[in-house]
Structure formats: structure tokens, C-alpha cells
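Engineer: Chains as they are written, first to last, in this note's numbering: chain A, 1 to 426; chain B, 427 to 684.
Glycine included, C-beta positions come from ideal geometry on N, C-alpha and C.
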Amino acid sequence: MMIKRFLGLLSLSLLGCEVANAALLENVTTSFVLEGERQYENSDGALDPERSLVPAVEHSGRGVLKLGYSHYWNDFSVELRSRPYFEDSDAPETDLEIQQRTEQFSLGYAGRLITVSAGVSSFVEGSGYSWNPSNPFSDIRYNERDNASLYIREGDPYFSAKLDGDEFSFRFMWADFKSIEQDNRLYEGRLNSYAMKSHFLLTASEVTATIATLQQRWFWGSSISSTFGEQLELHAEIALVEQGNGVELEETPISIGNQTLSNYALVREEGSHFESRVLLGGQYTFTDNTNVILEYLYNGSGYSNSEWKALKRAVDYAHANLQDPALGSAHQGFLMNTHNTVGLFRQHYLFARIAFSGSGDSDVLSILTRLNLQDKSFLAGVNKVWNVGDSWTTTATLNGFSGDVYSEYGWVPYELQIQASVEYFF
Amino acid sequence: MKKHLFFIPILVLVLSLQSAIGLAAQVDAMQVLEKVDAYRNFKGQSFAFDLTLISQAPNKDDASFGMKALIHDSHTSLITYETPAKEKGKALLMNGRNLWFFTPKNRKPIKITPQQRLLGEASNGDVASTDFSKDYVPTILNNEAIDGNSYTVLELVAGEDSLAAYKKLHLWVSSDTYKPYKAMFFAPSGKHLKTAYYEKYETLPYLNNKLQLTEIRIVNAVQEGKSTIMRYENFQITETHASDFKPGKIKQLANQQL
Chain A
1 MMIKRFLGLL SLSLLGCEVA NAALLENVTT SFVLEGERQY ENSDGALDPE
51 RSLVPAVEHS GRGVLKLGYS HYWNDFSVEL RSRPYFEDSD APETDLEIQQ
101 RTEQFSLGYA GRLITVSAGV SSFVEGSGYS WNPSNPFSDI RYNERDNASL
151 YIREGDPYFS AKLDGDEFSF RFMWADFKSI EQDNRLYEGR LNSYAMKSHF
201 LLTASEVTAT IATLQQRWFW GSSISSTFGE QLELHAEIAL VEQGNGVELE
251 ETPISIGNQT LSNYALVREE GSHFESRVLL GGQYTFTDNT NVILEYLYNG
301 SGYSNSEWKA LKRAVDYAHA NLQDPALGSA HQGFLMNTHN TVGLFRQHYL
351 FARIAFSGSG DSDVLSILTR LNLQDKSFLA GVNKVWNVGD SWTTTATLNG
401 FSGDVYSEYG WVPYELQIQA SVEYFF
Chain B
427 MKKHLFFIPI LVLVLSLQSA IGLAAQVDAM QVLEKVDAYR NFKGQSFAFD
477 LTLISQAPNK DDASFGMKAL IHDSHTSLIT YETPAKEKGK ALLMNGRNLW
527 FFTPKNRKPI KITPQQRLLG EASNGDVAST DFSKDYVPTI LNNEAIDGNS
577 YTVLELVAGE DSLAAYKKLH LWVSSDTYKP YKAMFFAPSG KHLKTAYYEK
627 YETLPYLNNK LQLTEIRIVN AVQEGKSTIM RYENFQITET HASDFKPGKI
677 KQLANQQL
């Protein structure tokens, strides 16, 4: 039954692509991806040793139709990026799911000096490869894939007006920004946000400076990227964030009879203070086209060593009292929320990536790692893309997570993931 | 002592003469180079063309790619990938020494180094940098006869603060027509990187019968058997603005090419 539905959806998707391709010709970039994943669970992590929080998923698969369309009538434009997809897994109580994510649907006017656009869109900007702290509309998220710029998310409603000169641009933006961390229920609602962004282009450098308010909390960000000679590029991003929507560990003593118990929760902070986020990095390309990227990441919003020790105590306490009739469900909620914040929730990281051969992202073998410098846990991944004829690519990815039972990547519920995909370009 | 002093004015005269001859030779070399550039660009005007790149490697099928190029000036350009289908929508934007690579898969243009290749043996600079005389200081090395034809061999060295893609190259120019015949490109270390053969010229009837270079073959000097053919067609003079060649305007600019 499931296979029949799957094939039915596949046929519909392919038919849709053909119609789209025939009707819209030049302005459509469409592809269809089928991918499968095999995951090997990590039973050592202290966060979820029994695998009771996150259902064990060994096999999963999905089909994604990647639709891109843009059309220009003189100075006016319409752009669409949408991802209808279906997925299935062997997780208990799950069925074939069909979903749709629209990253962008916008209308625009682009004159000689002024560019105006509105609609929904997601904003991925900044000179960093693995993280963009200078972008007020970026997410801090757990990302086991190749790089942060690959992720797909729902677009946010926005309005943008930009003034362009030869070597500069000034942009005003409004966005009803929804951080994807909201999916983890740590943030509440959308953030009514305004930003002013300036961009300067020099002969071998680009510099940006951004000032924004996200739900009346201030954000200052700046990025720079410079090229030296033919082979070296260095970049940096820095941000000062008025941290009002961050989370902290809160312990609440609760008296039941003559017993005093503790309830731990990750809660939004009451007040606000400024925290810094920094990325320093660079890339070097050898004469045989091998490219190496190295980045240091500092996340001032992450846990310091003392906060981390407190979190470890809280995790142990929550596990020990998970069956408590009064607070068991609260403990479970706390552990779930902690689980969902894994990735960039400490302060110091190192990211490295080496890519061999190929042009752009074709026929590339890439190896990457993100190392948590505080607890020495890490993720490591290998990704290889093969071109098959003019219209097909196949990709294989292997990701491993390593760290002790109380480390960040040791808390990832999987120790190994194997992914394979095939993509057809219409 | 007086005897020795007698030679000083002669020495000064000889050195001045030598310097003047050197300067004259450099001026001559620059004139040759400007004539070479006339086959490759449109004298300071923005232009666009269709480009086919055919990448060849031992034991591999040839891979062919269709692109469109929009050249504002020698160091400001946009190249978009058109075919095959899996490459469509990718773009390479150059502004000065800043280079960005854009793919439909990623939301943001990714900064890359100039060294990263466009395709096969061809770098972005090989396609877009069509103005040798702005980037390099030429000197005439010698004259050479190849297959009965006479060629002037120039050494081009990147000028100070130049945005040239290569520090040094040797260029063979037909002594009669000033058509470029071949060029050897060198790394800063002196290592021979690749050789370009300027193989085909065509008259463009719709552009005042201008004789234009339309095919270049680039041969990898390090890895034997690897080469890339670049075929140019559909040249057009266009009107572009420097303010359009920014990462935030890639899509808008690419649309101008359609």
C-alpha cells in the first residue's frame, strides 16, 4: 500500500515537473530527489540512554521536488522557491507524510538605483561558510549536513527596499522572523524585526554592517571578507546580540509532603544582556583546485564550562526522577528541550572542510568536521557527488558523531548516518 | 685619472641610449598587445556572448557545458551556466578580486578564491579577463618561426596592483596580423601551469565585420591529457552598470542575459 502511494506521488511529481518545464521554459530550475538514510543509534549518550525521548529511526526515505521559478518583466519580477516533499520512516506510529515548504515567493521591482521586494523569503547572508552570526535572520541550529548554507526552511514574510551605488548598497528590511528554534518550543511567536544593512564593495574585499531590532531587542552585526592573491580568502563575522530570547537552566525546588524535589527547565531569560558571536575563518585553494576551509566559531550564547556542569547535573537528576508521578513529565520535557538544542550550544568550535577536484559542486569529494573545543566531541562527514550523464547526479554521505557520554556530540542520538540520494534535473 | 674620467660621459650616453631603446621596445610591445586585445574584446565596451566549454580528460567522455557571459570590464563579469540541466542556474560573479559562486541549491552566493576553476582547465579569468594590455607590462623576448609563420614572443608580467589572474605569461603573436597564436601561463613560483592555443577567428557581420577570436584550447601543463576547449559565439555589445555586479543582484543580472 505504501509503495503504491509512493509511486503515485512520484508520478504526479514527475508530471508536474514536465508541465512546469514545458510551460515556463527558461526560468524554471526543477529537480527531483530521492534519498534514503540508514542510521545507527548511539546508546551511550547520557541524555537519552534508553532512547525513550527520541524514537529510534533506523531507516527513512524521502522524495523532494525542488521547484525554482523566476520571471522578469522589464524591471518587475516574481520569484518562487518551493519544496513539496514526502517522507516515510520506520519510526513507530509514523506514516507517509506529504509536506510543502515555500522558501520564497516574492514580487519585486528593480530599478537602476532602487530595488524593492516583498513576499516571503528566508535570508542566508554573511561571509562565513558554516555559520553566519552577523545575519540577524539566521538560526543557531544543529546541522549534520555539509554546511549551514544548504538548509531549507520556510520563508518569513518580509519587505525590503535597497539603494544601490557602484560600490555600496543600503538596505532597509522588515521581517516577521520565525527562528526555527521555535520548533523546539524554546522561543515564542514570531519576532517583529527591522534591519538596516549596509554593504561596501572594495577591489578585493566586501564589508557589511547591520543594525537590527528583533522584537525590540538590539542586534549589531558586521562581516568582512578579503581575497589575497589568487588562492587565499579570509573572512570574519561578529555580532552583539541583546539576548532576550535565549534559554537558561532554571532549578525550581518543589515541596511534596516533607520531601523537597527539584524541577529543571530550560526557560526564556527574563531580562536582557548583550552576548557576542564571532566567526573567524579563511579558505585556500591549491593549484590542483583542492579547497580547504577553516573556521573558528565563538557562540557567546552557548553554555560556559560552569553552566555545562550544572546542565549535566540537571540531566542526571531528571533521568533519576523520570518516573516521578508529579514531575516525571516535566523532567521528560526538559530532557527533550535539551536534546533539541544540541549543536552550537557550547561556546567554542572549530570547523574544517576539504574539497577535492570538481568545479562548483560537481564531482566533488568533501570531508568536513566540526569540533567542540570544550569537550572535544565532534562530528565528521564525508560527501561524494557523482555526475551521471547530463541530467543525473548521485550523492553518498557518511556522518559520524563522537564524544563521551557527557559531551555535546556524544548526546546526538546516532553515532553513524549513511545517506544516499539520486537527483534528476529537468 | 683624467683618462678614466673621459669614459664617464660615454658610459652615461650608452646607458641612456640603452634605456631609451628599452622604453621604445616596451612601447612597441604595448602596441602589439593592444592589437592582440582587439581580437578578444570590444575596446572598452561591455559585451555578452554565449560560451561552450568542452572538458577533455584521458579515459573520460568529453563533457560539454553551455554558458552565457556578460562582461562589464576585464574584472567585472557574470557567467551563468545554461546546460546541461543539472548545471542550470549556477553562476559565477566577479567584481575586482571578489568572486562568488551561486547555485540554486544554496540560498547565498558563496565567496570563492580566484584560483577555483570555472570548469576543466578554464578559470574565470581565462574567460572574462580579455584585456591583456590593462593587466600586464609586456616586453618583446624574441621572434620565432613556427610552421613557416613568423611570431613575436612577448613576456607579460602583471603590473603592480594589477588584478591579473597570472603573474607571468609568454604570448606568441603573429608578426603579420597580430593575432595571438598561443600563450604559456606561469604560477608565481615559475611553474608552467597551462598553455592556451588561440585556434579560430571569425568575422562578425552584425558587428561591422569585426574579426573576433572564437575558439581557445587550454591544455593542462601539469596533468597530461587534460584540456578544455572554449567556443565563443553570439557576441553582442551591451549596456551594463558597475552597480549591478553585486552578489545581491545575480538573478536580476542573469535575467539581462536571456
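Looking at the secondary structure, which residues open and close the alpha helix (DSSP H) in which Lys560 (chain B) lies?
Structural biologist: Position 134 of the second sequence holds residue 560 (chain B). Segment Phe558 to Asp561, the alpha helix (DSSP H) holding Lys560 (chain B).
Engineer: Gln417 (chain A) to Lys486 (chain B), Cα distance in whole Å?
Structural biologist: As a first step, residue 417 (chain A) must be located in the first sequence, where it is residue number 417. As a first step, residue 486 (chain B) must be located in the second sequence, where it is residue number 60. Taking the straight line joining both Cα atoms gives about 32 Å.
Engineer: Would you mind sorting Gly440 (chain A) into buried or exposed? The rule is 16 or more other CB atoms within 10 Å of its CB.
Structural biologist: Because chain A is modelled from 1 through 426, residue 440 (chain A) falls outside the range shown and cannot be assessed.
Engineer: Just tell me which of B:Asn660, B:Ala590, B:Lys626 and B:Lys461 has its CA closest to the CA of Ser500 (chain B).
Structural biologist: For the purposes of this step, residue 500 (chain B) is taken as residue 74 along the second sequence, with counting starting at 1. Cα-wise, what sits closest to Ser500 (chain B) is B:Ala590.
Engineer: DSSP three-state label for Asn27 (chain A), please.
Structural biologist: Walking along the first sequence from the start, residue 27 (chain A) turns up at place 27. Three-state result, Asn27 (chain A): helix.
Engineer: Label Asn467 (chain B) either buried or exposed according to how many other C-beta atoms from any shown protein chain fall within 10 Å of its C-beta, with 16 as the threshold for buried.
Structural biologist: One-based indexing of the second sequence puts residue 467 (chain B) at position 41. Label assigned to Asn467 (chain B): buried.
Engineer: Can you give me the C-alpha to C-alpha distance between Asn634 (chain B) and Ile663 (chain B), rounded to a whole angstrom?
Structural biologist: As a working mapping, residue 634 (chain B) is identified with position 208 in the second sequence. As a working mapping, residue 663 (chain B) is identified with position 237 in the second sequence. Cα-Cα distance, rounded: 12 Å.
Engineer: Can you pull out the residues from the segment 396-419 of chain A whose beta carbon lies closer than 9 Å to at least one beta carbon of chain B?
Structural biologist: Result list empty, no residue passes.
Engineer: Jot down the residue ranges of each uninterrupted beta strand (DSSP E) in the segment 440-509 of chain B, minimum 3 residues, whole runs only, in chain order.
Structural biologist: Listed in chain order, the complete beta strand (DSSP E) runs (minimum 3 residues) inside the segment 440-509 of chain B are 473-482, 489-499 and 502-509.
Engineer: Determine which residues of the segment 197-215 of chain A have a Cβ less than 8 Å from any Cβ of chain B, and write them out in chain order.
Structural biologist: Cβ contacts with chain B come from His199, Leu201, Leu202, Thr203, Ala204, Ser205 and Glu206.
Engineer: Does chain B have any CB closer than 9 Å to the CB of Ser359 (chain A)?
Structural biologist: Stepping through the first sequence from its first residue, residue 359 (chain A) is reached at position 359. Low per-residue confidence applies at Ser359 (chain A): pLDDT is 49, beneath 50, and the placement is therefore not dependable enough to give any value.
Engineer: With DSSP run on the structure shown, which of helix, strand or coil describes His452 (chain A)?
Structural biologist: The question about residue 452 (chain A) has no answer, for chain A in this structure spans 1 to 426.
Engineer: Is it right to say Thr640 (chain B) is buried, meaning 16 or more other beta carbons lie within 10 angstroms of its own, or is it exposed?
Structural biologist: By 1-based counting over the second sequence, the position of residue 640 (chain B) is 214. Thr640 (chain B) should be labelled buried.
Engineer: Please check if any C-beta of chain A sits within less than 9 Å of the C-beta of Ile572 (chain B).
Structural biologist: As a working mapping, residue 572 (chain B) is identified with position 146 in the second sequence. Closer than 9 Å: no.
Engineer: Quick check on the burial criterion: 16 or more other C-beta atoms within 10 angstroms. Buried or exposed for Glu233 (chain A)?
Structural biologist: Position 233 of the first sequence, counted from the start, is the residue given in the question as residue 233 (chain A). It is buried - the Cβ of Glu233 (chain A) has at least 16 other Cβ atoms within 10 Å.
Engineer: How many Å lie between Phe32 (chain A) and Phe425 (chain A) at the Cα?
Structural biologist: To locate residue 32 (chain A), count along the first sequence from 1; it is residue 32. To locate residue 425 (chain A), count along the first sequence from 1; it is residue 425. When rounded, the distance between both Cα atoms is 7 Å.
Engineer: Tell me the start and end of each unbroken alpha helix (DSSP H) in the segment 514-557 of chain B that is at least 4 residues and wholly inside, in chain order.
Structural biologist: You should have 550-554.
Engineer: List the residues that DSSP assigns as beta-bridge partners of His618 (chain B).
Structural biologist: Residue 618 (chain B) sits at position 192 when you count from the first residue of the second sequence. His618 (chain B) is bridged to B:Phe612.
Engineer: For a cutoff of 9 Å on Cβ pairs, would you count Leu496 (chain B) as touching chain A?
Structural biologist: Sequence index remark: in the second sequence, residue 496 (chain B) carries index 70 (1-based). No, no contact with chain A.
Engineer: Is it true that the CB of Glu659 (chain B) sits closer than 9 Å to the CB of Thr529 (chain B)?
Structural biologist: As a working mapping, residue 529 (chain B) is identified with position 103 in the second sequence. As a working mapping, residue 659 (chain B) is identified with position 233 in the second sequence. Contact: no.
Engineer: Asn337 (chain A) versus chain B: which residues are under 7 Å apart at the beta carbon?
Structural biologist: The sequence position of residue 337 (chain A) within the first sequence is 337, counting from 1. The premise fails here: Asn337 (chain A) is roughly 28 Å from chain B at the closest Cβ pair, so nothing lies under 7 Å.
Engineer: Could you give the distance in angstroms between the alpha-carbon of Ser160 (chain A) and the alpha-carbon of Ala511 (chain B)?
Structural biologist: The residue labelled residue 160 (chain A) in the question sits at position 160 within the first sequence. The residue labelled residue 511 (chain B) in the question sits at position 85 within the second sequence. Approximately 32 Å, taken between the alpha carbons.
Engineer: Within 10 angstroms of the Cβ of Tyr40 (chain A), are there 16 or more other Cβ atoms? Answer buried if so, exposed if not.
Structural biologist: As a first step, residue 40 (chain A) must be located in the first sequence, where it is residue number 40. So Tyr40 (chain A) ends up on the exposed side.
Engineer: In chain order, what are the residue ranges of uninterrupted beta strand (DSSP E) at least 3 long that sit wholly in the segment 280-321 of chain A?
Structural biologist: Those beta strand (DSSP E) runs which fall completely within the segment 280-321 of chain A and span 3+ residues are 291-299.
Engineer: Sort A:Ser82, A:Thr208 and A:Leu163 by Cα distance to Pro136 (chain A) and report the nearest one.
Structural biologist: Translated into the one-based positions of the first sequence, residue 136 (chain A) becomes position 136. Of the candidates A:Ser82, A:Thr208 and A:Leu163, the one whose C-alpha sits nearest the C-alpha of Pro136 (chain A) is A:Thr208.
Engineer: Quick one: grab the DSSP three-state call for Tyr604 (chain B).
Structural biologist: Along the second sequence, read from residue 1 onward, the residue named residue 604 (chain B) stands at position 178. DSSP places Tyr604 (chain B) in coil when its eight states are reduced to three.
Engineer: Just to confirm, are Glu125 (chain A) and Lys677 (chain B) a CB contact at a threshold of 9 Å?
Structural biologist: Counting from 1 along the first sequence, the entry for residue 125 (chain A) is found at position 125. Counting from 1 along the second sequence, the entry for residue 677 (chain B) is found at position 251. Not in contact: Glu125 (chain A) and Lys677 (chain B) (Cβ atoms no closer than 9 Å).
Engineer: Check whether the segment 308-327 of chain A and the segment 245-264 of chain A touch, using three or more Cβ-Cβ pairs below 8 Å as the test.
Structural biologist: Judged by Cβ distances under 8 Å, the segment 308-327 of chain A makes contact with the segment 245-264 of chain A, as three or more pairs qualify.
Engineer: Strictly under 9 Å for the Cβ-Cβ distance: is Asn383 (chain B) near chain A by that measure?
Structural biologist: Examination of residue 383 (chain B) is not possible in this model, given that chain B is present from 427 through 684 alone.
Engineer: Does the beta-carbon distance from Leu518 (chain B) to Lys537 (chain B) come in below 9 Å?
Structural biologist: Translated into the one-based positions of the second sequence, residue 518 (chain B) becomes position 92. Translated into the one-based positions of the second sequence, residue 537 (chain B) becomes position 111. In this structure, Lys537 (chain B) does not lie closer than 9 Å to Leu518 (chain B) by Cβ.
Engineer: So which of A:Ala195, A:Gln332, A:Thr252 and A:Gln283 has the shortest CA-CA distance to Phe228 (chain A)?
Structural biologist: To locate residue 228 (chain A), count along the first sequence from 1; it is residue 228. Nearest option by C-alpha distance: A:Gln283.
Engineer: Could you tell me the alpha carbon to alpha carbon distance between Phe671 (chain B) and Glu206 (chain A), rounded to whole angstroms?
Structural biologist: The residue given as residue 671 (chain B) occupies position 245 in the second sequence. The residue given as residue 206 (chain A) occupies position 206 in the first sequence. Using only the alpha carbons, I get a separation of about 13 Å.
Engineer: Counting Cβ pairs closer than 8 Å, one from the segment 60-71 of chain A and one from the segment 82-93 of chain A, do we hit at least three?
Structural biologist: Enough Cβ pairs lie closer than 8 Å, so yes.
Engineer: Determine the DSSP secondary structure at Leu232 (chain A), reduced to helix, strand or coil.
Structural biologist: Within the first sequence, residue 232 (chain A) is the residue found at index 232, counting from 1. In the structure shown, Leu232 (chain A) sits in a strand (DSSP, three-state: E or B).
Engineer: With the cut-off set at 9 Å, would you say Gln649 (chain B) and Asp288 (chain A) are in Cβ contact?
Structural biologist: The residue you call residue 649 (chain B) lines up with position 223 of the second sequence. The residue you call residue 288 (chain A) lines up with position 288 of the first sequence. Yes.
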